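Numbering (UniProt numbering), first residue to last: 1 to 554.
Here you go:
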């Protein structure tokens, strides 16, 4: 739902702020007053491509900002999450349009692209006009609308088909990959075997690099290690070795502890230290006798590590990555050498999955054929309510190529007048008929669409009398479920609206600008009377306006 719209320097909208509420809001005013510009401004928040021509003359750019309360929708939540946009109570969408037709788009101060904006807003609002029929009239979307109406998406046969379809596509992709490999098989095999043999020749072992690096570090520091061990040995066997001092101290403590037991713990600790130093002396002696600098081993380790480093640089991998790469190469070689067997196995699997997919698709097609009459009857009734009693409507189904929804191709066909042949919906010529068909379809599918705002941009142009009254009833009905904003020249629409927003154009100095304000009851009477009688308002028109307002309240 749109809560607030702020527009600056957008054509005749110099600086305008509008608050919107639930229900049905109708924009009224003279032609050229700026009503359509308000809708165009909202369309910029929907994802309309920017144009420098919309920027107010002598301005550097235009700014359009809308505050929205998004509808509760799992699909919308997934889209927001995929774009990294945190869910919030309100969403502020801001669009700045520059003189070069480029624009800056933000949602809650987070930058997004135009395509991101379209992804979000197609689930939030839709704008209907006689020149823009909406997705429901587009052939590619009609199968989805049929499926929604007959509840096919909730059936087990639909889940079954989707499972078979995705499994089939997965196997098909694997076969295509093998076909590509087969076309280049000999060349690939030669390259893979060369790489594998190069790695095999080095005989890489798990953790070998780490072990060699530790050994290299030891040999590289041999002199320091030998000197330190020799110093330790010299201290331990000197004229006054530490063991001797500890022994003498312990002997003295034997005497003291006879009279003061608090020294016992010191005596025990010194005894442990004495034996520890004795053990250290033995260990150092053994190491010094066996420690030997092996220059040949040092060169051997360095050479081996150089081999590893060359391979790591060549294949841009770590040592463990080289081991994994070698295993992958072996698997790819086996795959290519056994490609004919893989082909046979996968082709059998593909045929089996195709049969299952085809069987499920036929069930979906039959389900649609058996139930399409529900939607056909519903639309005929809706159009009859809109003063099109002779309308014919059929859903033509035919088998086509496989896709995620089956192999059914659906097209809505209509004949608006008796004796005319059925034609695709997009071929409807009359603007008034387009409006009524669009409105009927919106009414039917309103419970399935997630959008919380529908904008009708003069869809009642060219209609009057009973047709106009019926169209207004449908718009009012839609406004019970979602927010409706409409531009209308119909007195019935103005009288039925929950909120009447009057737009007018004025000149200040040498510049034209538009303003808009909500009308109270008395102003509504004057506005509706003007719509009835024209610029010269008569008392009869005022009386008629009062009657329309009264009847809309009943």
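We put the CB at the ideal spot given by N, CA and C, even for glycine.
Predicted, not measured: the structure shown is a model, and the values here were computed from it.
If you follow the alpha helix (DSSP H) that residue 531 is part of, which residue opens it and which one closes it? Start and end: 521-533.
Can you name, in chain order, every residue of its own chain whose Cβ lies under 8 Å from the Cβ of residue 461, other than the five neighbours on each side? 130, 431, 432, 435, 489
Beta-carbon spacing of residue 410, residue 395 below 7 Å: yes
Determine contact between the stretch 30-39 and the stretch 512-532, defined as no fewer than three beta-carbon pairs at a distance below 8 Å. Output reads yes: the stretch 512-532 touches the stretch 30-39.
Based on the DSSP secondary-structure assignment, which residues constitute the bridge partners of residue 518? Paired residue(s): 501.
Who are the near neighbours of residue 546 in its chain, counting only those whose CB is closer than 7 Å to its CB and skipping five residues on each side? For residue 546, where only same-chain residues beyond five positions count, the Cβ hits under 7 Å are 525.
Specify the secondary structure class of residue 512 as computed by DSSP and reduced to three states. strand
What's the call for residue 34, buried or exposed, on a 16-neighbour Cβ count within 10 Å? buried
Can you say whether residue 191 is buried or exposed, counting buried as having 16 or more other CB atoms within 10 angstroms of its CB? exposed
Is the beta carbon of residue 336 less than 7 Å from the beta carbon of residue 95? no
Starting from residue 355, trace the alpha helix (DSSP H) both ways and give me its first and last residue. First-last of the alpha helix (DSSP H) with residue 355: 339-385.
Pull up the distance between the alpha-carbon of residue 157 and that of residue 521, whole angstroms please. 56 Å
Taking 7 Å as the threshold (C-beta atoms), are residue 117 and residue 47 in contact? yes
Secondary structure of residue 423, DSSP reduced to three states: strand
Looking at the structure shown, is residue 456 part of a helix, part of a strand, or coil, going by DSSP? strand
Could you compute how far the alpha carbon of residue 504 sits from the alpha carbon of residue 140? 40 Å
Curious, which full-length beta strand (DSSP E) runs of at least 3 residues does the stretch 187-230 contain? none
In chain order, what residues of the same chain lie with their CB nearer than 6 Å to the CB of residue 497, ignoring the 5 residues before and after it? The answer, listed in chain order, is 24, 26.
Quick check: residue 500 and residue 494, are their CB atoms within less than 7 Å of each other? yes
In whole angstroms, what is the alpha-carbon distance linking residue 419 and residue 391? So the two alpha carbons sit approximately 10 Å from each other.
Do you know offhand how far residue 227's Cα is from residue 253's? 36 Å
Between the Cα of residue 407 and those of 358, 68, 372, spot the shortest distance and give me the residue it belongs to. 358
Cβ-based neighbour list, residue 307, same chain, cut-off 7 Å, excluding 5 preceding and 5 following: 202
Would you say residue 92 and residue 115 are within 7 Å of each other, going by their C-beta atoms? It is not a contact, given that the beta carbons lie outside the stated cut-off.
Minimum C-alpha distance to residue 404 - residue among 364, 38, 317, 385: Relative to the Cα of residue 404, the nearest Cα in the group 364, 38, 317, 385 belongs to 364.
Closest by C-alpha distance to residue 510, when choosing among 39, 41, 43, 57: Ranked by Cα distance from residue 510, the first of 39, 41, 43, 57 is 57.
Return the residue from the list 153, 375, 195 that minimises the CA-CA distance to residue 314. Of all alpha-carbon atoms in 153, 375, 195, the one lying nearest the alpha-carbon of residue 314 is that of 195.
Check whether the stretch 369-385 and the stretch 440-454 touch, using three or more Cβ-Cβ pairs below 8 Å as the test. yes
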